[in-house]
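Asks: Let me begin by handing over the structure; questions about it come next.
Residue numbers (the UniProt record's numbering): 1 to 239.
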């Protein structure tokens, strides 16, 4: 499995996003995007704590699966709780990623990092962010589009020391070589590019590398936030 990954501070002073890649002894492969939350450097610190603790936990087990990714998230959750106690700073992170094992792929997410699975350049799966907007729309509290922006970036699940709000949502599917493409991104990307726009781009470019170049070029101009994304296919680095 191969990934093309881009992480950029956008128009912010600091990049609080982080990319995590890990391959286990049995060949299971993980790709994740971590989006730090907090004040001037707190989000960057939180993302690093989460990434380091997930990788440390996974290094002690021989595989990556739904059970172990939740255990790894729990470990990072405890580490963040300790850091917040020691520093008295508000910090946290959201995470989203994919786990490849043979011909299967598992999606996991806590918060608003999004996962898109395309097959033959058509959307097959799209994760639903753990956000206040989705909750309010679902229960009918929001009916006017103008109300969405106020709550757009309020997440209802994150890794910030509370075990109850850091439970990962997990789903799975098959992965087909040569037809499938996974796209994982922070909100700095999916605020500007939703599934339809990504589908259109996929049908305009000839390779994953061209998709990466087109997205990066446009995001450097249009994105106001940090932006991070990963493109994962069986042959992502082929031109």
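Quick reminder that beta carbons are idealized off the backbone N, C-alpha and C, glycines included. Bear in mind that the values here come from a model prediction, so they are computed numbers and not experimental data.
Return yes when the Cβ of residue 192 is within less than 8 Å of the Cβ of residue 219, no when it is not.
Replies: yes
Asks: Considering only the beta carbon of each residue, do residue 80 and residue 32 sit closer than 8 Å?
Replies: no
Asks: With a threshold of 8 Å on Cβ separation, who are the neighbours of residue 237 within its own chain once the five nearest residues in sequence on each side are excluded?
Replies: Unreliable placement is indicated for residue 237, whose pLDDT of 49 sits below 50; the coordinate value is still reported in the next sentence. The residues are 2, 4, 208 and 209.
Asks: Relative to the alpha-carbon of residue 44, which residue among 93, 97 and 107 has its alpha-carbon at the smallest distance?
Replies: Comparing Cα-Cα distances from residue 44 to each of 93, 97 and 107, the minimum goes to 93.
Asks: For the beta strand (DSSP E) containing residue 312, list its first residue and its last residue.
Replies: Outside the modelled stretch of the chain, which goes from 1 to 239, sits residue 312, for which no answer is possible.
Asks: Taking C-alpha atoms, which residue in 132, 42 and 120 lies nearest to residue 180?
Replies: When only C-alpha atoms are compared, the closest one is 120.
Asks: Confirm, please, whether the CB-CB distance from residue 7 to residue 15 is below 8 Å.
Replies: For residue 15 and residue 7, yes; Cβs fall inside 8 Å.
Asks: Quick check: the Cα distance between residue 49 and residue 56, rounded to an integer number of angstroms?
Replies: Rounded to whole angstroms, residue 49 to residue 56 spans 10 Å at the Cα level.
Asks: I believe residue 69 touches residue 99 by the beta-carbon criterion, under 8 Å. Please report the beta-carbon distance rounded to the nearest angstrom.
Replies: 7 Å
Asks: Excluding the 5 residues preceding and the 5 following residue 214 in the sequence, name in chain order all residues of the same chain whose CB lies nearer than 7 Å to its CB.
Replies: The answer, listed in chain order, is 201 and 205.
Asks: Compare the Cα-Cα distances from residue 105 to each of 90, 167, 125 and 111 and report the closest residue.
Replies: 125
Asks: Once the 5 residues before and after residue 62 are set aside, which same chain residues still bring their CB inside 7 Å of it?
Replies: 24, 25 and 26
Asks: When you compare only the Cα positions, how much space is there between residue 187 and residue 96?
Replies: 11 Å
Asks: Is it buried or exposed for residue 67, if we count other Cβ within 10 angstroms and need 16 for buried?
Replies: Its Cβ having fewer than 16 others within 10 Å, residue 67 is exposed.
Asks: For the region 109-135, list the beta strand (DSSP E) runs that are entirely contained and at least 3 residues long, ordered along the chain.
Replies: 114-119 and 122-126
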